[in-house]
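According to this note's numbering, the residues represented by the sequence shown are 112 to 863, in order.
Idealized CB from N, CA, C, for every residue including glycine.
No experiment lies behind these values; they were computed from the predicted model shown.
Here is the structure we will look at, set down as structure tokens.
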Amino acid sequence: MSIGFGLERLGLLTLRFPRIMAVAVLAFTALCTFHLTKFNIDGDLLRLYRGSGIEYDRYMALTENFGTFENDVYLLVRSDNLTDPDTLEELRFLGFELELNEFAAGTMSPFSLRRPAEGGTSVPAVPEGMETSEEVSAALTDLRANDPLMSNLILADNAGMVMIMFPNPEIAVELGEDAMLASLRELMAAYESEDIDLQLTGPAIWKEEVLNASRFDQLLFMVAGVALGFLTAFLSFRTFWGALIATLTPVVTAFWVTGMTILVFGSFTFLTNIISALVLVIAFAESMYFCLYWMRTVNTGVDQRVALVETVRKVSPACALTAITTIIACASLALAPGQGLREFAISGALGMALAFLALVPFLPLSLLLAMRLGFRMRKTPSVALTAPIPFIRRVARAAPRRAAVAAIVVVGLLLIPHFLLEARFRFQDFLPRGSDAIATSDQIDAGVGGVAPVYIRIPLQGGLTEMTDGDFATVERVHQIAENNFGDGKVISAASFRHYSDLGFSRERIFEAVGPFLRQRFITDDGMQALITAFSPTSENAQETVALVESMRAELAAAGIEGAEISGFRVLTAYASLDMIATLQISLMLAIALSVVLIGIAFRSWKLALVSIIPNSLPILLTELFLYSSGIQLQLTTVISLTIAFGIAVDDTIHFLAHYARARERGESISHAVDTTLDRVGPALIATTLILIAGCAVVTVSVLPQVALFGFLTVITLLSALIGDLIVLPALLIGGGMIFARWRERKDEIAA
112 MSIGFGLERL GLLTLRFPRI MAVAVLAFTA LCTFHLTKFN IDGDLLRLYR
162 GSGIEYDRYM ALTENFGTFE NDVYLLVRSD NLTDPDTLEE LRFLGFELEL
212 NEFAAGTMSP FSLRRPAEGG TSVPAVPEGM ETSEEVSAAL TDLRANDPLM
262 SNLILADNAG MVMIMFPNPE IAVELGEDAM LASLRELMAA YESEDIDLQL
312 TGPAIWKEEV LNASRFDQLL FMVAGVALGF LTAFLSFRTF WGALIATLTP
362 VVTAFWVTGM TILVFGSFTF LTNIISALVL VIAFAESMYF CLYWMRTVNT
412 GVDQRVALVE TVRKVSPACA LTAITTIIAC ASLALAPGQG LREFAISGAL
462 GMALAFLALV PFLPLSLLLA MRLGFRMRKT PSVALTAPIP FIRRVARAAP
512 RRAAVAAIVV VGLLLIPHFL LEARFRFQDF LPRGSDAIAT SDQIDAGVGG
562 VAPVYIRIPL QGGLTEMTDG DFATVERVHQ IAENNFGDGK VISAASFRHY
612 SDLGFSRERI FEAVGPFLRQ RFITDDGMQA LITAFSPTSE NAQETVALVE
662 SMRAELAAAG IEGAEISGFR VLTAYASLDM IATLQISLML AIALSVVLIG
712 IAFRSWKLAL VSIIPNSLPI LLTELFLYSS GIQLQLTTVI SLTIAFGIAV
762 DDTIHFLAHY ARARERGESI SHAVDTTLDR VGPALIATTL ILIAGCAVVT
812 VSVLPQVALF GFLTVITLLS ALIGDLIVLP ALLIGGGMIF ARWRERKDEI
862 AA
């Protein structure tokens, strides 16, 4: 069995039955083309956490009992003339139109709130018919001071207010969120003026921004990736047609991956959006390596078709093994909780399998067609690829034993920052840089309640017509505990209406005044559960959120309040993300261990497996050193990038070891085998790494910070991996050979 476990036979079948394989390739391409017409990107951030564990289950239970929260739309109104009676009435009409919007299930604004009045009636909380600015200012100041709900809706300087629309989920799904936001912006346009500034924020707008950024990224990654890959291939081969042949395979691969991702998952996400570009550059690297080997074989005087057969026999096994190790790296991500990461893992594994299928059947078919059309590759690759090899050889052979020992010591020392790294997560890092919605959220955070609510759901004894005194006392206790943790005025609940109770109104009257929809935000229809809402800053990180939640849970337990559950999208993302990061760390270690074992099995050599550990661990540990020293620490995307980059980096090690092992089988000494491998494989590794770096460098320009960070860290890891494979690995092979030879000599002396 070959190191590719026999998978290279697919390439030999292609050469034997080219017409049949061509029909199969065309049929599969047609299938992918059909599904490519359904291309879309899902910006639902909740999809990332679906099925992630107990916090997700709590969040879903919350939405089932009190409604859906992740689509609430916040409208920030700013006006220096807010206290002008005409301006106030203009905004009152805006609030009414917002409530009548076809997408609205309900709203909460200073104008939608009512207060109970004598005679069993209710009147607007913001009085109508005020005639002077002083009267308006006094009314708003009184409301903000005495009504906790109003303190979360009216800015302290009376220069702005917040209106919240609760979308009807059925209509939003039927007509689409794009139509909903377009409708809201059309409404805003009718009221915006020099005196009135309106801004939207909230999860629906965040989702829109992520979608727009992801669509732009997809186009940029594909176009720039193909262009940079073609340019690198052209500089390497010094011929347009040679570069075109090397480019066709990755383009077809990206085409297949995009179509199959749509077939399997129905849509892309901001995470799986990376896969097409990632597989594109990996396929470019393998295509370049294949073509360079074929060109070098032809240069020895071998017939082009015979050279193609030889290339398939010699290169395909290593390509199969690299595909398997990268698939393992991608698949290991599926161990982490959450649908989003599972989709990313499956898409990556599927993409690598398709990349191998494109390389083995499609590339040989392309070369066969090119030969039939009279194509001839230039005799030598670009000198830029071969010029560094003599210097690299001198460095690798300068002091191999000391270099081998030093590499082992360095890896050992780099384990220190590895264990010191901490998990970090900030929700805003998933949104585009310069996000207008986040800027608006920050203004709301600074002025009133906030756009990142945390919900406390508590069981009640029950009271269908009126909340009992015991239940109300429980709500008040929880309300006070929440304010102790989140701050005065940052919590709303049924206890917020205490001032109306003090005026003699029954709780039944109060809930009738606020209306049935808003009532559901405080207590369920059956009176068996109550909801307390606290507001945390949008910029708060996961550690701060977790600390607040844990503090609250401890205080609730100490107060003897049983069955209370703290949830919300902010809580879900904080806990689930930190859990994902911890699991991804384990999956990375597992991927490294499995890849090393697989290398040992494939090469039937535990020594080569051990040698491969250092050059493949070094890039990961160096990148982790950068994460630790820069303060970036471990984030969701950083652990994913380390895992994927490891899967890519190990590919070069496999190609190097494959040629080295063949040289050793021919009877060459360790030093000579390393030299010939550097001469034959070194230029290809440089070319493929340049393509990978160029492709990943494109990702760094993404406006999504986490995606850009993914690309940046991958570039660092790949550069480190190239140094590891061209300098550290040769030194380890030569130095290790010397150490083992010395050890055997001493063993023989002792035995004698």
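Mark residue i as exposed unless 16 or more other C-beta atoms lie within 10 angstroms of its C-beta, in which case mark it buried.
i: T436; result: buried
i: G523; result: exposed
i: L118; result: buried
i: T232; result: exposed
i: H766; result: buried
i: S304; result: exposed
i: E860; result: Note that E860 scores 45 on pLDDT, short of 50, meaning its location in the model is unreliable; the coordinates nonetheless yield the value given after this. By the neighbour-count rule (16 or more Cβ atoms within 10 Å), E860 is not buried but exposed.
i: E285; result: exposed
i: T369; result: buried
i: R127; result: exposed
i: T734; result: buried
i: H783; result: exposed
i: G793; result: buried
i: N212; result: buried
i: S740; result: exposed
So, are the CB atoms of residue i and residue j less than 8 Å apart?
i: G115; j: A550; result: no
i: L789; j: L833; result: no
i: L295; j: L311; result: yes
i: V423; j: L844; result: no
i: A344; j: A354; result: yes
i: M276; j: L264; result: no
i: P543; j: A720; result: no
i: L738; j: L532; result: yes
i: L330; j: I603; result: no
i: L339; j: V809; result: yes
i: S831; j: G822; result: no
i: L391; j: T364; result: yes
i: L173; j: S678; result: yes
i: S698; j: L446; result: yes
i: G846; j: A515; result: yes
i: C402; j: A357; result: yes
i: S398; j: L461; result: no
i: L199; j: F541; result: no
i: T828; j: L732; result: no
i: A687; j: G449; result: yes
i: V839; j: A518; result: yes
Looking at the structure shown, is residue i part of a helix, part of a strand, or coil, going by DSSP?
i: S233; result: strand
i: F541; result: helix
i: A863; result: Any reading at A863 is ruled out, since the residue's pLDDT is 47, under 50, leaving its predicted position unreliable.
i: A760; result: helix
i: A713; result: helix
i: G847; result: helix
i: L815; result: coil
i: S163; result: coil
i: S647; result: strand
i: P414; result: Per the sequence shown, the amino acid found at residue 414 is Asp instead of Pro. D414 falls in the coil class under three-state DSSP.
i: M219; result: strand
i: D308; result: strand
i: L330; result: helix
i: R225; result: strand
i: F467; result: helix
i: G778; result: coil
i: A141; result: helix
i: I435; result: helix
i: G313; result: coil
i: S740; result: helix
i: E856; result: Low confidence applies here, because E856 scores a pLDDT of 49, under 50, leaving its location unreliable; read the following figure in that light. It is helical.
i: R255; result: helix
For residue i, decide whether its Cβ has a neighbour in chain B, counting only Cβ atoms nearer than 8 Å.
i: G742; result: Judged by its chain identifiers, the structure shown contains no chain B, having just a single protein chain.
I'd like to know if the stretch 704 to 712 and the stretch 449 to 468 are in contact, where contact means that at least 3 CB-CB pairs between them fall below 8 Å. Judged by Cβ distances under 8 Å, the stretch 704 to 712 makes no contact with the stretch 449 to 468, as fewer than three pairs qualify.
Inter-stretch contact at 8 Å, needing at least 3 Cβ pairs: the stretch 467 to 487 / the stretch 181 to 201: no
Touching by the beta-carbon criterion (3+ pairs, under 8 Å), the stretch 405 to 413 and the stretch 659 to 675: Verdict: no, contact absent.
Are there three or more Cβ pairs, one per stretch, closer than 8 Å when the stretch 745 to 760 is compared with the stretch 526 to 537? yes
Give, in chain order, every unbroken run of the alpha helix (DSSP H) that is at least 4 residues long and sits entirely within the stretch 570 to 599. 580 to 597
Within 8 Å, do at least three Cβ pairs link the stretch 811 to 821 to the stretch 378 to 388? yes
What residue ranges within the stretch 324 to 391 form continuous alpha helix (DSSP H) runs of no fewer than 4 residues, ordered along the chain? Counting whole runs of 4 or more residues, the stretch 324 to 391 contains the alpha helix (DSSP H) stretches 351 to 376.
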